[in-house]
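Using the working numbering, the first residue of the sequence shown is number 594, and each one after it goes up by one. A virtual CB, placed ideally from N, CA and C, is assigned to each residue, including glycine.
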Amino acid sequence: MHHRMDDPDKQVLWWRAQQAGLTRREFLRLLGVGGTAALLAACGTSQSQPQPSAPAASAAAQKRMFVKAEEPLIKVFATELGTRWDQASEYITPIEQFYVRNRYASPVIEPQTWRLKISGDAIEQPLELSYDDLLNLPSRKAARYMECFGNGRTLNWEQLGYDVRGGNWGFSAISMGEWDYIPIGEILDRVKVKSSAKQLLFWSGVDGKDTGRPMPMTEVLARPDVIGLAHGLNSRPLHSDHGGPVRALVPGWGGAASVKWLTEIRISTQQFWTRMHTKEEALIGKDYAAERSDPRDEFLGVTPGDVQGIGATWLNVKSFLTIPLVMRTSEPPERYPLKQGEVPVVAAGPRTMQGYASSPWGVQKVEYSVDGGSSWQEARLVPPGGEEYSWVRFDFPWDATPGSHVLMTRATDKKGNTQPDTIPFNELGILCNVVPKFEVLVK
């Protein structure tokens, strides 16, 4: 029995199941066998207990989750919208089609009331900026891709046979934008960072009280002109769904590092631990030894016991075709173009196949196979793109003959990294960049 996840009540239950450590398979089994009561019991709660701990964004029936229209996008979860990658063709993703990954509902913050506080024991001059103050600082414009760590998670279920937990994104959690941002170096110069600085924390606290993520100060100082505070996207003020009026921008790292609705930056001599790199966006599994915390560290909404793996940082090289993935094991999200187990159909004859490839270090080449991996050829890269922090389009000719086919793509970046055939298991199924297989039925 397959349960759809577009029911708001079911989305709340799935959120609770995730917090209890249940996998998607366990969640669906319990729901099918014993219903809500069995599922709540497994989560350590009951129907009679109050549930104030569920996030505000899970109350989908009472509250609007997004500011922009949902309809052009795949609804992965109550607070998650995925790009229709099977319809993509542009180099820059239109805002209407840009993916959204939230934990809570998108807040709307008026620029005139917005303030940013920069504080901490590792700076000499604390600072507070208004929106106008920020815009008066030197700004830059750059094309950068934004990608959720969970992009490609679907391949864990469909190709690797791993039972992981998280949203069924397919390849919908990646978009390319033209960002207007203030380099973080402009801020650091004004607050005078001490040599003892260990971490920088980007903090929101607006959408939820536990929204924020730290970075090692060494990483920040290595890229003071690349990392920044974004205030515009695609030549428009930054949209609320994408973190407006101001969000962090950390190219090359997963989207969680680019904290939305930024209100505070703290620079400290100690480490910070948050939900967004312990309970979520962390590599947890036997191949990943847990990071070590210090009693002097600051825990924001988490405990030392929540540090069970390694916080994910850099993205990796990926590629995909603009064809929907067949989802046999996993359940397709709402508004997905295919039903569970359905194979996309194309007409026989010559055609041009298109796709996208990305890497923080730039894409060197993309190879493709139209015979399930028996032979490989090099695709044509379509400018612009291919530089560091950007994606690039590619295409290749295919004379589609009637029958079932498996198409595959394999990208290599400018650092020499090539997509692998398999990766070690991690509980959240993040950073899954295995060579994807696209099934197609030609008629």
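{"Item": "Straight-line gap, K1007 to R677 (C-alpha atoms, nearest Å)", "Value": "27 Å"}
{"Item": "Neighbour-count burial assignment, P1013, 16 or more Cβ in a 10 Å radius", "Value": "exposed"}
{"Item": "A698 beta carbon less than 8 Å from that of D803", "Value": "no"}
{"Item": "For R928, the first and last residue of its enclosing alpha helix (DSSP H)", "Value": "Careful: R928 lies outside any alpha helix (DSSP H) and carries neither H nor E."}
{"Item": "Local conformation of Y684 per DSSP, three classes", "Value": "coil"}
{"Item": "Selected residue, minimal CA-CA separation from R746, among Q970, D887, V852 and V669", "Value": "V669"}
{"Item": "Residue span of the alpha helix (DSSP H) that contains T811, given as start and end", "Value": "M810 to A815"}
{"Item": "In chain order, each alpha helix (DSSP H) run of at least 4 residues that lies wholly inside the stretch 727–806", "Value": "777–784"}
{"Item": "Which of helix, strand or coil DSSP assigns to Y881", "Value": "strand"}
{"Item": "Sequence-distant residues of its chain with Cβ nearer than 7 Å to I716 (five each side left out)", "Value": "V784, K785, V786, K787 and I860"}
{"Item": "Bridge-paired residues (DSSP) for L822", "Value": "I775 and A841"}
{"Item": "For P937, three-class secondary structure by DSSP", "Value": "coil"}
{"Item": "For V1035, the residue or residues it bridges with in DSSP", "Value": "V939 and G996"}
{"Item": "Meets three-Cβ-pair contact criterion under 8 Å: the stretch 892–904 and the stretch 946–959", "Value": "no"}
{"Item": "Residue range of the beta strand (DSSP E) that includes L722", "Value": "L720 to S723"}
{"Item": "Cα-Cα separation, K989 to T1011", "Value": "Reading the sequence as shown, one finds Phe at residue 989 and not Lys. The alpha-carbon atoms of F989 and T1011 are separated by roughly 19 Å."}
{"Item": "P704, DSSP secondary structure in three states", "Value": "helix"}
{"Item": "Exposed unless 16 or more other CB atoms sit within 10 angstroms - verdict on R708", "Value": "exposed"}
{"Item": "Boundaries (first-last residue) of the beta strand (DSSP E) holding F865", "Value": "F865 to T867"}
{"Item": "Given 8 Å, three or more beta-carbon pairs between the stretch 762–780 and the stretch 684–693", "Value": "yes"}
{"Item": "Endpoints, beta strand (DSSP E) assigned at V956", "Value": "V956 to S962"}
{"Item": "F659 in three-state terms, based on DSSP", "Value": "coil"}
{"Item": "N- and C-terminal bounds of the beta strand (DSSP E) containing F913", "Value": "K911 to L914"}
{"Item": "Exposure of P925, with buried meaning 16 or more beta-carbon neighbours within 10 Å", "Value": "buried"}
{"Item": "Other residues of its chain near D899: CB distance less than 7 Å, five sequence neighbours each side excluded", "Value": "T871 and K872"}
{"Item": "Separation of T994 from A849, as counted between CA atoms", "Value": "42 Å"}
{"Item": "When A972, S967, A941 and S923 are compared against N761, the one with the closest alpha-carbon", "Value": "S923"}
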